[in-house]
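Asks: Sharing a structure, written as structure tokens. Questions coming.
Protein chains: 2
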Amino acid sequence: MTEHTVRSFAVELDLLADDIARMGGLAESALAASIECVTRRDSESAQEIIARDAKIDALQREVERRVVLLLALRQPFAQDLRQVVGALKVSLDLERIGDLAKNIAKRTLVLNTDEPAPLTGALESMGRLTVSLVHDVLDASAQLDPASAMRVWMRDDEVDQHYDSLTRALLAQMADKPDALTSCTHLLFVAKNLERVGDHATNIAEVVHFIATGEDIMAARPKTEAIPIPERNE
Amino acid sequence: MTEHTVRSFAVELDLLADDIARMGGLAESALAASIECVTRRDSESAQEIIARDAKIDALQREVERRVVLLLALRQPFAQDLRQVVGALKVSLDLERIGDLAKNIAKRTLVLNTDEPAPLTGALESMGRLTVSLVHDVLDASAQLDPASAMRVWMRDDEVDQHYDSLTRALLAQMADKPDALTSCTHLLFVAKNLERVGDHATNIAEVVHFIATGEDIMAARPKTEAIPIPERNE
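Residue numbers (the working numbering), protein chains in the order written: chain A, 615 to 848; chain B, 615 to 848.
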């Protein structure tokens, strides 16, 4: 391999990393905006979030094209290969985070605006947590830093705890106020979407750790999945 | 490339296809079993489904190892490359279908067995539909048949229709019978899991179509996502 092709392969890896960073930025801001608009019942910004998701999907397809081209033309190996394959996996997780934010925005449109928004505070704090996990795992990805990837990975339990208490509180509301049944059901799914965002941040952390170290932390991961209404045997 | 390496590359592609077929068979049977056990409140088979999911996860990691090895050592191109990268994507969808089946099984364990199971028939018919989609898309994958992949892809709307009417019916129950609130909430999430299974079958159909034809049907796909309580503007 000549000096030139080596250099230009590095450039292509950077372009791939740029696409991932751009996707990540869009997914993170869509998520933050979706939480704000569902708690404020802001239909206008909900429409914007829904419209902007197409951009994330387009970037995911671009990442996939780049990855297939790099694999075909460059035959990367070792960490380069892990980075190219990892970029494909991360792009799929970011695309799902974008979908989940879009789904939260869609629920804003069908929420009954006459009802008071229940549990806004708990929803906002769970939202802030998931946004920070996405933000931190994107930093870890940009730096290829396995230690900060691991820190994000360890924090998924916090998300599950928020999720458990929020679903419990929503179910209590549903029992007390039958009028709020529809709103609370939508918010149950919003909470579930945020719990899924935490899982995708965890997936990305695992990929970043594998790219950086070549070692799989997936096997070490507790595979239990959060269930709403978690009291009783899990 | 010698005749020998060509032949053994074909063999390696077959081994990859075998892993995908094995994963697919396990995911399909876990899904079918999870629907049966949630409708019959069968905690014993729920425990088995939960235990068996580790096998699907292990196969997914094996597929990933095979894919990375094939890419590194064989530098496939054209359809071979699409098939290797596609196998990785399909394995991720099948792993998620296994997780969703496991999650349905876990809900069986926390359902209140004293309550009558509401809407068992509607749940079973939605379950049968999603199992048949998974079954058919695995056939399409084994045959690399873009036409049957497209047929599966077109049928995702059926799943969304079942999902919409089932969630509507569950919400009606929740309003009528506050005692059934917890059970109905679990069944709402079971319905959501089945709707997600339909999305993963659709993803696999898209991958199969791309492997077989090199053409992307993703762009043509209507990107609207099903929302529970779907009346009102989506």
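The beta-carbon is built from N, C-alpha and C at its ideal position, and this holds for glycine as well.
Using 8 Å as the limit for Cβ to Cβ distance, is residue 686 (chain B) near chain A?
Replies: Yes, residue 686 (chain B) counts as interfacial toward chain A.
Asks: Using a cut-off of 9 Å between C-beta atoms, extract the partners of residue 792 (chain B) located in chain A.
Replies: 788, 789 and 792
Asks: Can you give the Cα-Cα distance for residue 684 (chain A) and residue 682 (chain B), rounded to whole angstroms?
Replies: 14 Å
Asks: Grab the span of the alpha helix (DSSP H) containing residue 792 (chain A) for me, first residue to last.
Replies: First-last for residue 792 (chain A): undefined, no H or E at that position.
Asks: Could you give the DSSP three-state label for residue 615 (chain B): helix, strand or coil?
Replies: In this prediction, residue 615 (chain B) has a pLDDT of 46, which is less than 50 and means its spatial position is unreliable; nothing more can be read from the coordinates.
Asks: How is the alpha helix (DSSP H) around residue 655 (chain B) delimited, first residue to last?
Replies: Taken as a continuous stretch (DSSP letters only), residue 655 (chain B) belongs to no alpha helix (DSSP H), as it is neither H nor E.
Asks: Classify residue 741 (chain B) as helix, strand or coil using the three-state DSSP reduction.
Replies: Note: residue 741 (chain B) maps to helix in three-state DSSP.
Asks: Candidates A:803, A:782, A:755 and A:801: which alpha carbon is nearest residue 636 (chain A)'s?
Replies: When only C-alpha atoms are compared, the closest one is A:755.
Asks: As a quick exercise: from B:762, B:663 and B:623, pick the residue whose alpha carbon is nearest that of residue 646 (chain B).
Replies: B:663
Asks: Which full runs of the alpha helix (DSSP H) of 4+ residues lie inside the segment 657-697 of chain A, going along the chain?
Replies: 657-688
Asks: Count the other CB atoms, across all protein chains shown, that sit within 10 Å of the CB of residue 622 (chain B); report buried if there are 16 or more and exposed otherwise.
Replies: Answer is exposed; the Cβ neighbour count stays below 16.
Asks: Answer yes or no: do residue 747 (chain A) and residue 815 (chain A) have a C-beta to C-beta separation smaller than 8 Å?
Replies: Residue 815 (chain A) is positioned such that its CB atom lies closer than 8 Å to that of residue 747 (chain A).
Asks: Anything in the segment 701-729 of chain A with a Cβ closer than 8 Å to a Cβ of chain B? List those residues in chain order, please.
Replies: 702, 703, 706, 713, 716, 717, 720, 721, 723 and 724
Asks: Among the residues of its own chain, which have a CB less than 8 Å from the CB of residue 764 (chain B), if the five just before and after it don't count?
Replies: 819, 823 and 831
Asks: Short of 8 Å in beta carbon distance, which residues of its chain neighbour residue 671 (chain B), apart from the five on each side in sequence? Order them along the chain.
Replies: 709 and 712
Asks: Could you confirm whether any beta carbon from chain B is found closer than 8 Å to the beta carbon of residue 811 (chain A)?
Replies: It does not; no Cβ of chain B falls within 8 Å.
Asks: Please compile the residues from chain B whose C-beta is within a distance smaller than 7 Å of the C-beta of residue 691 (chain A).
Replies: 686
Asks: Taking the alpha-carbon positions, what's the residue 669 (chain A) to residue 753 (chain A) distance?
Replies: 21 Å
Asks: Against chain D, does residue 645 (chain B) count as a neighbour if the rule is that its beta carbon must be under 8 Å from one of theirs?
Replies: Here chain D cannot be found, since the structure's protein chains are A and B.
Asks: Please list the partners that residue 758 (chain B) has in chain A, where partner means a Cβ-to-Cβ separation under 9 Å.
Replies: Chain A residues near residue 758 (chain B): none, gap ~17 Å exceeds 9 Å.
Asks: Using C-beta distances below 8 Å, list every residue in its chain close to residue 706 (chain A), excluding the 5 sequence neighbours before and after it, in chain order.
Replies: 674
Asks: Could you give the DSSP three-state label for residue 813 (chain A): helix, strand or coil?
Replies: helix
Asks: What did DSSP end up calling residue 831 (chain A) once you bin it into helix, strand or coil?
Replies: coil
Asks: Indicate the three-state DSSP secondary structure (helix, strand or coil) for residue 733 (chain B) in the structure shown.
Replies: coil
Asks: Distance cutoff 8 Å, beta carbons only. Does residue 785 (chain B) sit that close to anything in chain A?
Replies: yes
Asks: Does the pairing of the segment 687-701 of chain A with the segment 686-695 of chain B give three or more beta-carbon distances under 8 Å?
Replies: yes
Asks: Just the chain A side, please: which residues come within less than 9 Å of residue 816 (chain B) by C-beta, in chain order?
Replies: Neighbours of residue 816 (chain B) on chain A: none; closest Cβ ~13 Å, over 9 Å.
Asks: State buried or exposed for residue 584 (chain A), treating a residue as buried only when at least 16 other CB atoms are found within 10 Å of its CB.
Replies: With chain A running from 615 to 848 in the structure shown, residue 584 (chain A) is simply not present.
Asks: Looking at the C-beta of residue 699 (chain A), does it have a partner C-beta in chain B at a distance below 8 Å?
Replies: Yes - at least one Cβ of chain B is within 8 Å of the one on residue 699 (chain A).
Asks: Between the C-alpha atoms of residue 676 (chain A) and residue 633 (chain A), what's the straight-line distance to the nearest angstrom?
Replies: 8 Å
Asks: Rounded to the nearest angstrom, what separates residue 701 (chain B) and residue 762 (chain B) at their Cα positions?
Replies: 18 Å
Asks: Apart from the five residues just before and just after residue 829 (chain A), which ones in its own chain have a Cβ nearer than 8 Å to its Cβ?
Replies: 823
Asks: Look at the alpha carbon of residue 665 (chain B) and the alpha carbon of residue 787 (chain B), and state the distance between them as a whole number of angstroms.
Replies: One C-alpha to the other measures close to 32 Å.
Asks: Whole angstroms are fine: how far does the CA of residue 625 (chain B) sit from the CA of residue 644 (chain A)?
Replies: 44 Å
Asks: Is residue 801 (chain A) near residue 732 (chain A), with beta carbons less than 8 Å apart?
Replies: yes
Asks: Among A:642, A:630, A:715 and A:739, which has the Cα closest to the Cα of residue 699 (chain A)?
Replies: Of A:642, A:630, A:715 and A:739, the smallest CA-CA separation from residue 699 (chain A) is found for A:630.
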